[in-house]
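Trainee:
There are 2 protein chains.
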Amino acid sequence: MKGSVESALTQLKAWLAQPDLPSDGRLPPERELCTLLGVSRGALRKALSTLEQDGELWRQVGKGTFIGARSVEKSLSISTVAEGSNPLEVMQARLLVEPMLAGEATVHATGAHLAEMHRCNRIQREARTWRQYENADNRLHRTVAEATGNTVLLALFDQLNAIRRTVVWGRLRDKPDYPPADHKSFGQHELLVRAISERDQEGAYQAMHDHLMTVQESLLRASSRGSGSEPDNF
Amino acid sequence: MKGSVESALTQLKAWLAQPDLPSDGRLPPERELCTLLGVSRGALRKALSTLEQDGELWRQVGKGTFIGARSVEKSLSISTVAEGSNPLEVMQARLLVEPMLAGEATVHATGAHLAEMHRCNRIQREARTWRQYENADNRLHRTVAEATGNTVLLALFDQLNAIRRTVVWGRLRDKPDYPPADHKSFGQHELLVRAISERDQEGAYQAMHDHLMTVQESLLRASSRGSGSEPDNF
DNA sequence: AATTCTAACCAATTGTAAATTGGTTTTGCA
DNA sequence: TGCAAAACCAATTTACAATTGGTTAGAATT
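Following this line, the structure appears as structure tokens:
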């Protein structure tokens, strides 16, 4: 009959109105529920589908059908994301996000931000250990994010950074002992800070993009070189 | 003999100095390693223990023994970020992030992604309740993030979305009962999906940007109107 | 002829039991 | 007494079967 789906919808709504449904918001599997309501599985599924579009329940393969809104805490775990990712993917995300942050920083950066960036540049030039260089690099990138003046963007950067660290952790065994000598990054970092200082939005975007491109290139070079350590300040 | 532990420590350090140890930093299980080094398990364990106290490796039952420092997962609290933010700031972050995601989606979107986006468009056109409309909107935006094919970008979008929901949580009084009638968003959503379908990167970026601009405008209009409900699908 | 129902199959997830692994205790031996 | 070997324990991973939402093909019904 034609109205079988509507009938199923009615039956389903009536069943959901029951006061004694399980407290975890999970309703029986479709194969049980359809016999319980005396409708075919197809009709039940169409009824469930409309209720899902209304946001009154949500379904997931292998898990079940649940009342209410989907739980959000799914992919917020940094380690979970990191496990399903790889250095190249993180790098490409950085290539999209960080130049945008640099461009935004040109609009909102304060004098304190600029001073801190210059300080990072100086520390990098004078760095004598890899650790010093790396710390200054991290600090510079985060200062750019701070300079956007947007706490949400800063939180996103921190999330990206945490994912990056977790992805790299375990892969990078032995870091070099000394900072890079003939390194492009020196000049690129200074170009970046200059562009932000001069409120050159496009220039800052480009400088950050170029810098991350060289990082990506050395990353690719390293991974193609085999199991060797990943270089640069990735 | 007395110096068996010291012998084990020496052997172990020599083994760790090997250049071809596995890249994940994991050592062979104790039962293998002790035969490998020709020492008893007890002596090996004492040697491992001293190295662990020195922070040169860490161990966990059932997992293994690893070189380096334990990974630390510091979880970034969404509610903390949300408390120090506001709807306008979230909106500006969206304006910077989501058009970029849309542009990237044009490169990597699969047929399944496009089908899902069209489905969201259709549901929005046919929506009869606000909740239906809002669900489809959320779904569409998330599908765009999925279509980037980058799990890190997807995680960042989820983070941004979670912040948005938390920020809006306490401020949104009463939602309208019916979906928007003369709404710009209809056309904008369809423009967006069309641009992604046609692999028009710049067009997708622009469409998402325009869409979010109208959302922001209505948000500003609402907040200037006083304590009234924030409209649209913010 | 069209629709709907049934059954089978698929893919994601969960549940479970066995195997693995670091930590501890017991036993054997010199 | 001291140490090595074995046995045992608990946390974790792995392998595999069972469950569950999603899909498709063919039979059944109208």
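Sequences listed follow chains W and Y, in order. Take the position in the first sequence, starting the count at 1, then add 860; the result is the number in my numbering. Take the position in the second sequence, starting the count at 1, then add 860; the result is the number in my numbering. For every residue, glycine included, the Cβ atom is placed at its ideal position computed from N, Cα and C.
1. Below 8 Å on the Cβ atoms is my guess for Glu-976 of chain W versus Met-1068 of chain W; work out the distance and round it to an integer in Å.
2. Could you list the residues in the segment 897-908 of chain Y with a C-beta less than 9 Å from some C-beta on chain W, going in chain order?
3. Answer with buried or exposed for Asn-946 of chain W, where buried requires no fewer than 16 other C-beta atoms within 10 angstroms of its C-beta.
4. Any idea if Arg-807 of chain W is buried or exposed, counting beta-carbon neighbours within 10 angstroms, 16 or more meaning buried?
5. What are the start and end residues of the alpha helix (DSSP H) that includes Thr-970 of chain W?
6. Could you tell me whether any Cβ in chain W is nearer than 8 Å to the Cβ of Gln-1019 of chain Y?
7. Who are the near neighbours of Leu-974 of chain Y in its chain, counting only those whose CB is closer than 6 Å to its CB and skipping five residues on each side?
8. Can you tell me whether Thr-895 of chain W is buried or exposed, with buried defined as 16 or more other CB within 10 angstroms of its CB?
9. How would you list, in chain order, the residues of chain Y whose beta-carbon sits under 7 Å from the beta-carbon of Val-921 of chain W?
10. Mind listing, in chain order, the continuous alpha helix (DSSP H) runs of no fewer than 4 residues lying wholly within the segment 899-956 of chain Y?
11. Which class does Ala-1082 of chain Y belong to by DSSP, given the choice of helix, strand or coil?
12. Does the Cβ of Leu-876 of chain Y have 16 or more other Cβ atoms within 10 Å, making it buried, or fewer, making it exposed?
13. Does any CB atom of chain Y fall closer than 8 Å to the CB of Val-1075 of chain W?
14. Can you list, in chain order, the residues of its chain with a C-beta nearer than 7 Å to that of Ala-1064 of chain W? Leave out the 5 residues immediately preceding and following it.
15. Once DSSP output is grouped into helix, strand and coil, what is the label at Leu-887 of chain Y?
16. Taking the C-alpha atoms as reference points, what is the distance between Gln-878 of chain Y and Leu-1072 of chain W?
17. Can you tell me whether Gln-984 of chain Y is buried or exposed, with buried defined as 16 or more other CB within 10 angstroms of its CB?
18. Does the segment 916-935 of chain W come into contact with the segment 988-1003 of chain W, if we say contact requires no fewer than three beta-carbon pairs (one atom in each stretch) closer than 8 Å?
19. With 16 as the cutoff for other CB atoms within 10 Å, does His-968 of chain Y come out buried or exposed?
20. Looking at the secondary structure, which residues open and close the alpha helix (DSSP H) in which Arg-1054 of chain W lies?
21. Run down chain Y in chain order and give the residues with a C-beta less than 8 Å from the C-beta of Gln-913 of chain W.
22. Please check the pair Met-951 of chain Y and Leu-956 of chain W, which I expect to be a contact at CB under 8 Å, by giving their CB distance rounded to whole angstroms.
23. Sorted by chain position, which residues of the same chain lie with C-beta nearer than 6 Å to Lys-1044 of chain W's C-beta, five sequence neighbours on each side aside?
24. Spatial neighbours of Ala-1022 of chain W within its chain, please: CB distance less than 6 Å, with the 5 preceding and 5 following residues excluded, ordered by chain position.
25. Would you kindly check if the distance between the Cβ of Gly-971 of chain Y and the Cβ of Ile-927 of chain Y is under 8 Å?
26. First and last residue of the alpha helix (DSSP H) that includes Gln-871 of chain Y?
27. Starting from the Cα of Ala-907 of chain Y, find the closest Cα among Y:Gln-1066, Y:Thr-870 and Y:Arg-1025 and give me that residue.
28. Against chain W, does Ala-1022 of chain Y count as a neighbour if the rule is that its beta carbon must be under 8 Å from one of theirs?
29. Might you give, ordered along the chain, the residues of its own chain that have their beta carbon closer than 6 Å to the beta carbon of Ala-868 of chain W, omitting 5 neighbours on each side?
30. Of the choices Y:Leu-911, Y:Arg-999 and Y:Val-1028, whose alpha-carbon is the least far from that of Asp-1110 of chain W?
31. Kindly list, in the order they appear in chain Y, the residues whose Cβ is closer than 8 Å to that of Glu-964 of chain W.
32. Which residues of chain Y have a Cβ atom closer than 7 Å to the Cβ of Gln-952 of chain W, listed in chain order?
33. Helix, strand or coil: which one does DSSP assign to Pro-959 of chain Y?
34. Applying the 10 Å Cβ sphere with the 16-neighbour rule, what's the burial state of Val-932 of chain Y?
35. Buried or exposed, going by whether 16 or more other CB atoms sit within 10 Å of the CB of Arg-988 of chain W?
36. What's the call for Glu-1090 of chain W, buried or exposed, on a 16-neighbour Cβ count within 10 Å?
Mentor: The structure says:
1. Between Met-1068 of chain W and Glu-976 of chain W the Cβ distance is about 16 Å, and since that is not below 8 Å, they are no contact.
2. So the list is empty, because no residue satisfies the distance condition.
3. When all chains shown are included, Asn-946 of chain W counts as exposed.
4. The shown model of chain W, from 861 to 1094, leaves out residue 807 of chain W, and the question about it has no answer.
5. Premise fails: Thr-970 of chain W is in no alpha helix (DSSP H) and is neither H nor E.
6. Look at Gln-1019 of chain Y: its C-beta is under 8 Å from a C-beta on chain W.
7. Hits under 6 Å: Ser-1057.
8. Counting the other CB atoms within 10 Å of its CB gives Thr-895 of chain W a total below 16, which places it among the exposed residues.
9. The contacting residues do not exist; Val-921 of chain W stays about 14 Å from chain Y at best.
10. Runs of the alpha helix (DSSP H) inside the segment 899-956 of chain Y: 901-913 and 938-943.
11. Three-state DSSP puts Ala-1082 of chain Y in a helix.
12. Result: exposed.
13. Val-1075 of chain W does not count as touching chain Y.
14. Taken in chain order, the residues that qualify are Ala-962, Gly-963, Ala-965, Thr-966, Leu-1052, Ala-1055 and Ile-1056.
15. DSSP places Leu-887 of chain Y in the coil class of the three-state scheme, outside both helix and strand.
16. Straight-line Cα distance between these residues: approximately 33 Å.
17. Counting Cβ neighbours within 10 Å, Gln-984 of chain Y comes out buried, since at least 16 surround it.
18. The segment 916-935 of chain W is not in contact with the segment 988-1003 of chain W.
19. It counts as exposed.
20. Here the alpha helix (DSSP H) through Arg-1054 of chain W covers 1044-1057.
21. Per Cβ cutoff of 8 Å: Ile-983, Gln-992, Asn-995 and Ala-996.
22. 20 Å between Cβ atoms; not a contact.
23. Excluding sequence neighbours, Lys-1044 of chain W sits near Thr-1074.
24. When the five nearest sequence neighbours on each side are left out, the beta carbons in the same chain lying within less than 6 Å of the beta carbon of Ala-1022 of chain W are those of Ile-938, in order along the chain.
25. Judged by beta-carbon spacing, Gly-971 of chain Y lies beyond the 8 Å limit of Ile-927 of chain Y, meaning their Cβ atoms are not closer than that value.
26. 864-876 is the extent of the alpha helix (DSSP H) around Gln-871 of chain Y.
27. Comparing Cα-Cα distances from Ala-907 of chain Y to each of Y:Gln-1066, Y:Thr-870 and Y:Arg-1025, the minimum goes to Y:Thr-870.
28. So, interface residue.
29. Val-899, Ala-903, Leu-904 and Ala-907.
30. Any property of residue 1110 of chain W remains undetermined from this structure, which presents chain W solely from 861 to 1094.
31. For Glu-964 of chain W, the C-beta contacts it makes with chain Y under 8 Å involve Leu-956, in order along the chain.
32. Asn-1010, listed in chain order.
33. Pro-959 of chain Y: helix per DSSP, three-state reduction.
34. Classification of Val-932 of chain Y: exposed, given that the 10 Å Cβ count is below 16.
35. Burial state of Arg-988 of chain W is exposed, judged by a 10 Å Cβ sphere holding fewer than 16 other Cβ atoms.
36. Confidence at Glu-1090 of chain W is low in this model, with a pLDDT of 47, below 50, so its placement is unreliable and the value that follows should be read with caution. Buried is the call here.
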